[in-house]
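Participant:
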Amino acid sequence: MQCEILMIGSELLLGQIVDTNAAEMGRMLAESGINLRQKTTVGDNPDRIKQALSDALDRADVVLTSGGLGPTEDDITRECIAELLGRPLEFRQDLFDALAERFARFRFVMTENNKKQAFAPRGAIGIENPHGTAPGLIIEDERGVIVCMPGVPGELIPMLRDRVIPYLRHKFGIEAVIHSRVLNVCGLGESRVDAVIGDLIKSQRNPTVGVLAYPDAVRVRITARAGSVDEAEAMIDAVEAEVRKRLPDNVVGTGNTTIEQAVDVLFSARGWTLAACETNSGGMLARRMVTAGARSFAGGIVAPGVSNVFDKIETLQNQFHPDCVLLLQADPAGQATFVHFLWPGGVEDWRLNYAGTDERSQTRIAVTALDHVRRLLGKT
Numbered sequence: 002m003q004c005e006i007l008m009i010g011s012e013l014l015l016g017q018i019v020d021t022n023a024a025e026m027g028r029m030l031a032e033s034g035i036n037l038r039q040k041t042t043v044g045d046n047p048d049r050i051k052q053a054l055s056d057a058l059d060r061a062d063v064v065l066t067s068g069g070l071g072p073t074e075d076d077i078t079r080e081c082i083a084e085l086l087g088r089p090l091e092f093r094q095d096l097f098d099a100l101a102e103r104f105a106r107f108r109f110v111m112t113e114n115n116k117k118q119a120f121a122p123r124g125a126i127g128i129e130n131p132h133g134t135a136p137g138l139i140i141e142d143e144r145g146v147i148v149c150m151p152g153v154p155g156e157l158i159p160m161l162r163d164r165v166i167p168y169l170r171h172k173f174g175i176e177a178v179i180h181s182r183v184l185n186v187c188g189l190g191e192s193r194v195d196a197v198i199g200d201l202i203k204s205q206r207n208p209t210v211g212v213l214a215y216p217d218a219v220r221v222r223i224t225a226r227a228g229s230v231d232e233a234e235a236m237i238d239a240v241e242a243e244v245r246k247r248l249p250d251n252v253v254g255t256g257n258t259t260i261e262q263a264v265d266v267l268f269s270a271r272g273w274t275l276a277a278c279e280t281n282s283g284g285m286l287a288r289r290m291v292t293a294g295a296r297s298f299a300g301g302i303v304a305p306g307v308s309n310v311f312d313k314i315e316t317l318q319n320q321f322h323p324d325c326v327l328l329l330q331a332d333p334a335g336q337a338t339f340v341h342f343l344w345p346g347g348v349e350d351w352r353l354n355y356a357g358t359d360e361r362s363q364t365r366i367a368v369t370a371l372d373h374v375r376r377l378l379g380k381t
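Number 381 marks the last residue of the sequence shown (this note's numbering); no jumps.
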């Protein structure tokens, strides 16, 4: 079974709101074993909506729509589907009664235009919306199935989870699940990671492997389709082992594990604390450690323009009493960053061949410095 999603709303195209629905829908559908083929976004234009719906029905068995079910003049999803499929809009007493009950429960006053939400294309199946006023709709047609859901995330997500996905799995006899695991890789760029595991990516076997680049890490996604989550996990385990074998020093962790959390585990296991002085990373390292909830991080100072960062060691020791100190300093030409790590094992120095004061550069400096520390402590 092939599925597509159609996000409806001019506000999405104009960038007035961020489309968080599509990402969450994709995740939920994948976990439920439903193959999502494509996502399309279209504005509140009837001709374009009908064309987008028609194109999606030509490609997929099911089209899930989000948005356009409200009571206002620009909420036209129902009308577009009715025209496209040649099904007249009909007033539905059952939808109206449910709508009136919800308004009463929420202590809202129903206006005349709210009655628009009680109309549906002939033969549509209503979907209860306990979190809002707009009911969802399922239209089973010879061209395919269209499922309409409201655009409000707090209404759409529960409806998809509790009503739509069970309906689709039952109707199409879907028993498989799609399960993913993400490995967070530091110390290598996307192209280098691709060079090492490119054959796994190209094979497109089950499980499949993909690479996504982020400012703070490269994420390797392993996705398996199986009869159960346990079976999928076992399949993923085998591929993960191969990836770790090829990238023995680079995998920081899985899921949401960050480099900061990985470093914090290493320090906490030793009962050590860390303080930092940053001259050219704008406090990015300290900010990331604090955001990650790293209890081993005692604190840090930002000292732009300091010519000799070692002069700040006494300040750090007096203020934070750390077991270890991490110093980040740009070279005079601003082309590189020097990292100095003072720890019970001595002093370690690293040169990073980049600098910069923009957020991306500061993130790269902070993450790379922490990764050097992680590698060092991981070997001792």
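Note that beta-carbon positions come from the ideal geometry of N, C-alpha and C, so glycine has one too.
Could you work out which residue in Arg296, His341 and Glu243 is closest to Val197 when comparing CA atoms only?
Facilitator: Glu243
Participant: In its own chain, which residues sit with a C-beta less than 6 Å from the C-beta of Leu391, not counting the 5 before and 5 after it?
Facilitator: For the chain, the structure presents residues 2 to 381; residue 391 sits outside this window and is missing.
Participant: Write down the C-beta distance between Glu5 and Ala57 rounded to the nearest angstrom, noting that I regard them as a contact closer than 8 Å.
Facilitator: 4 Å
Participant: Would you mind working out which of Arg103, Ala101, Thr73 and Lys51 sits nearest Gly87, comparing C-alpha positions?
Facilitator: Gly87 has its Cα closest to that of Lys51, out of Arg103, Ala101, Thr73 and Lys51.
Participant: Measure how close the beta-carbons of Val183 and Arg123 come, nearest whole angstrom, since I'm counting them as under 8 Å.
Facilitator: In fact, because the Cβ distance is near 45 Å, the residues do not count as touching under 8 Å.
Participant: Which class does Phe342 belong to by DSSP, given the choice of helix, strand or coil?
Facilitator: strand
Participant: Per DSSP, what kind of secondary structure is Gln336 in: helix, strand or coil?
Facilitator: coil
Participant: Would you give the residue range spanned by the beta strand (DSSP E) that Tyr215 belongs to?
Facilitator: Thr209 to Tyr215
Participant: Starting from His180, follow the beta strand (DSSP E) in both directions and report where the run begins and ends.
Facilitator: Val178 to Val186
Participant: Between Asp95 and Ala121, what straight-line distance do the alpha-carbon atoms span, to the nearest angstrom?
Facilitator: 11 Å
Participant: Could you give the first and the last residue of the continuous alpha helix (DSSP H) run that contains Ala242?
Facilitator: Val230 to Arg247
Participant: On the criterion of 16 or more Cβ atoms from any shown chain inside 10 Å, does Val19 qualify as buried, or is it exposed?
Facilitator: With fewer than 16 other CB atoms across the displayed protein chains lying within 10 angstroms of its CB, Val19 is exposed.
Participant: Leaving aside the five residues before and after Val212 along the sequence, list all residues of the same chain whose C-beta is less than 8 Å from its C-beta, in chain order.
Facilitator: Glu191, Val194, Asp195, Ile198, Ile202, Val219, Arg220, Val221 and Arg222
Participant: What are the boundary residues of the alpha helix (DSSP H) that Pro167 is part of?
Facilitator: Ile166 to Lys172
Participant: Please work out which residues of its chain come closer than 8 Å, Cβ to Cβ, to Leu286, disregarding the five sequence neighbours upstream and downstream, and give them in chain order.
Facilitator: Ala277, Glu279, Gly301, Leu327, Leu329, Ile366, Ala367, Ala370 and Leu371
Participant: Looking at the secondary structure, which residues open and close the alpha helix (DSSP H) in which Lys203 lies?
Facilitator: Glu191 to Ser204
Participant: Just reading off the beta strand (DSSP E) that Val219 is part of, what are its end residues?
Facilitator: Ala218 to Ala227
Participant: Counting beta carbon pairs with one atom in the region 143-157 and one in the region 95-109, are three or more of them shorter than 8 Å?
Facilitator: no
Participant: Going by beta-carbon coordinates alone, are Ala61 and Gly174 separated by less than 8 Å?
Facilitator: no
Participant: Starting from the C-beta of Ala331, find all residues in its chain whose C-beta is less than 8 Å away, skip the five residues before and the five after it, and write them out in chain order.
Facilitator: Around Ala331: Thr280, Asn281, Ala337, Thr338, Phe339 and Ala356.
Participant: Out of Pro323, Ile77, Pro89 and Arg226, which one is the CA nearest neighbour of Gln205?
Facilitator: Arg226
Participant: Does the Cβ-Cβ distance between Ile158 and Glu360 come in under 8 Å?
Facilitator: no
Participant: Would you identify the three-state DSSP class for Val266, choosing helix, strand or coil?
Facilitator: helix
Participant: Looking at the strands, I want to know which residues DSSP matches up with Pro122.
Facilitator: Leu90
Participant: Who pairs with Arg49 in a beta bridge, going by DSSP?
Facilitator: Bridge partners of Arg49: none, in fact.
Participant: Between Asn185 and Phe268, what straight-line distance do the alpha-carbon atoms span, to the nearest angstrom?
Facilitator: Straight-line Cα distance between these residues: approximately 19 Å.
Participant: Taking the beta strand (DSSP E) that Phe321 belongs to, which residues open and close that run?
Facilitator: From DSSP, Phe321 is part of no beta strand (DSSP E) but of the alpha helix (DSSP H) over Ile314 to Phe321.
Participant: Are the beta-carbon atoms belonging to Val64 and Leu54 less than 8 Å from one another?
Facilitator: Against a cut-off of 8 Å, the Cβ pair of Leu54 and Val64 comes out as a contact.
Participant: By how many angstroms is the C-alpha of Ser362 removed from the C-alpha of Phe298?
Facilitator: 22 Å
Participant: Mapping DSSP to helix, strand and coil, what is Ala61?
Facilitator: coil
Participant: Please give the ranges of any alpha helix (DSSP H) in the region 130-160, keeping only runs that are unbroken, at least 4 residues long and fully inside the region.
Facilitator: 154-160
Participant: Measuring CB to CB, does Leu353 end up less than 8 Å from Cys325?
Facilitator: no
Participant: Helix, strand or coil: which one does DSSP assign to Arg352?
Facilitator: strand
Participant: Does the distance from the CB of Val178 to the CB of Glu80 come in under 8 Å?
Facilitator: no
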